[in-house]
Every structure is written in C-alpha cells, then in structure tokens.
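When we follow the numbering used here, the leftmost residue of the sequence shown carries the number 9, and every step to the right adds one. All C-beta atoms in this analysis are idealised placements derived from N, C-alpha and C, irrespective of residue type, glycine included. Remember, it's a predicted structure, so these values are computed and weren't measured experimentally. One structure is given here, and the rest of the page talks about it.
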Amino acid sequence: MPAFKKILAHFGPEILQEDGQLNRERLGQIIFSDKKQRKVLNSLTHPAIHRHMVWQVIKLFCQGHKYTILDIPLLFETSNLHKYLHSTVVVSCEEETQLERLIARNHYEEDEARNRIQVQMPLSKKIELADHIIENSGDLQFTKEQVLVLHQRLCTSYKRFIFMVVLGILVLLYAVFFIRNMLTI
Ligand SMILES: CC(C)(COP(=O)(O)OP(=O)(O)OC[C@H]1O[C@@H](n2cnc3c(N)ncnc32)[C@H](O)[C@@H]1O)[C@@H](O)C(=O)NCCC(=O)NCCS
Ligand SMILES: Nc1ncnc2c1ncn2[C@@H]1O[C@H](COP(=O)(O)OP(=O)(O)OP(=O)(O)O)[C@@H](O)[C@H]1O
C-alpha cells in the first residue's frame, strides 16, 4: 500500500484538506504534540523515502553526476543511514537565529517553533557527528563560499575514486558470472 494511503488509514480523513491534498499543518499539529504518533508517521514514511532516495542516487550516478546531496532532516536521529554515506554535512547557525528564521519561514508562534526544534537532535550534537560543517549564521554569500570549497573537496575526493573502482570490479564480476552461467546452460 502506498505511504499516503497508510497515513490516511491511520490518521483518518481529518488530515486532508477539502481538495483531498494532505493538510500538512493539521498533520504537523498531531505528530509534533505526540511522540507516539510521530513514531507512527516516521514508520509509515521512512521506508518509502529511503527507497526513493536509493533510486535517485543510482539514477544520478548513472547520469554521470559526481555526487548526490541527500537533504535528510532526521539523518542522525532515525537510522544508521549516515554510516553508509560518503560524508555528512551539517548546515548550522546560532540557536536564536535558527528560531527566528523558522518563525519567519513557517509563521509559527514561538512555542511551536521551539517545539519543532526540540523534537530534533540539537545542532551542537549534529556538529559532533558530521564530517563537514557549513556555518550559516552569517549572510548567504559567506555560506556560498563554504559550499564552493566543499564542492571542490567532494569532486576531488579519493573515496569517490575507490567507490568507482569497487563498483567497476563488482560489475565485472557480475558480468563474468553471468556469461559463465550462459555458457554452461
Ligand atoms: C508533518 C509534516 C506534514 C509537516 O509539514 P510542514 O510543511 O508543516 O513542515 P516541514 O515539513 O517544513 O517541517 C518543519 C520542521 O519539522 C521537521 N520535521 C519534519 N518531519 C519531522 C519528523 N518526522 N520528526 C521530527 N522533525 C520533523 C523538519 O526538519 C523541519 O525542521 C511533514 O514534515 C512530514 O510529512 N513529515 C514526515 C516525513 C518525515 O519524516 N520527514 C523528515 C525525515 S526524512
Ligand atoms: N544565511 C541566511 N541568511 C538569511 N536567511 C537565511 C539564511 N539561510 C537560511 N535562511 C532562511 O531561513 C529559513 C530556513 O532555511 P531553510 O528552509 O533553507 O532551512 P532547512 O534547514 O532546509 O529547514 P528545515 O529542515 O526546517 O526544512 C528560510 O526562510 C531561509 O530563507
């Protein structure tokens, strides 16, 4: 069953707008005020999100892109996924700035914004776990400069080269195995 249908079956039609689309605000109110319901939503959405991500990565890799950026809000909280990634990047800023920007972007009351931040791992902890940090407390130009430096690093990373070699060997082994099977039939 698609994730959307599972969400509807669990939370009921009150999470829909009149036009049948998901009422994100309503669902947000439910899950951010109830840890159990948040866990349920995560268990319904994450398998589908992870599958989609894997396909996107494969597709972009086959198209020749040097790397793929996965924007995952709950990367460190919810799974061991980060262990399988080439590297992790945290975009961080001062706590007060984070709060102000969230209020301005989503038009939340202060309490609601604080709650949304508190249900996630603190930025300070994410910084400890990340391989790269982009400091975004300043203006966008300062952030852009750091992104460009990181982009250069990722493009020249030796880990990518090793990954390509390992992938090449695996494809070769698979081809040899496949041809051998064909010849023995
Ligand atoms: C609950 C939903 C409908 C609320 O949508 P809305 O547009 O109001 O908020 P938005 O998506 O912009 O998220 C607002 C903030 O909440 C955080 N957040 C989103 N989902 C979650 C979650 N499951 N647990 C903790 N924090 C979350 C985001 O990082 C962001 O900081 C939406 O966030 C959602 O469908 N979440 C479940 C999917 C999910 O788990 N996504 C993130 C992990 S990959
Ligand atoms: N350097 C900056 N200067 C000014 N405003 C910024 C800066 N960086 C981000 N913002 C603003 O802060 C808000 C949050 O940024 P953004 O949506 O990119 O964060 P996010 O990490 O993707 O958030 P979430 O995880 O909640 O989806 C946006 O309104 C964005 O325009």
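| query | result |
| --- | --- |
| What do you reckon, is the C-beta of Ala-138 under 7 angstroms from a heavy atom of ligand 2? | no |
| Run the CB neighbour count on Ala-183, radius 10 Å, all protein chains shown included, and call it buried at 16 or more, exposed below. | exposed |
| Do the stretch 61-75 and the stretch 23-37 make contact, defined as three or more Cβ pairs closer than 8 angstroms? | no |
| Where does His-73 sit, in a helix, a strand or coil, going by DSSP? | coil |
| Compare the beta carbon distance of Ile-142 and Ile-135 with 8 angstroms and say whether it is the shorter of the two. | no |
| For the 8 angstroms Cβ check, are there 3 or more pairs between the stretch 162-180 and the stretch 109-116? | no |
| With burial defined as no fewer than 16 other Cβ atoms inside 10 Å of the residue's Cβ, what is the status of Ala-56: buried or exposed? | exposed |
| Return the CA-CA distance between Val-155 and Val-97, expressed in angstroms with no decimal places. | 10 angstroms |
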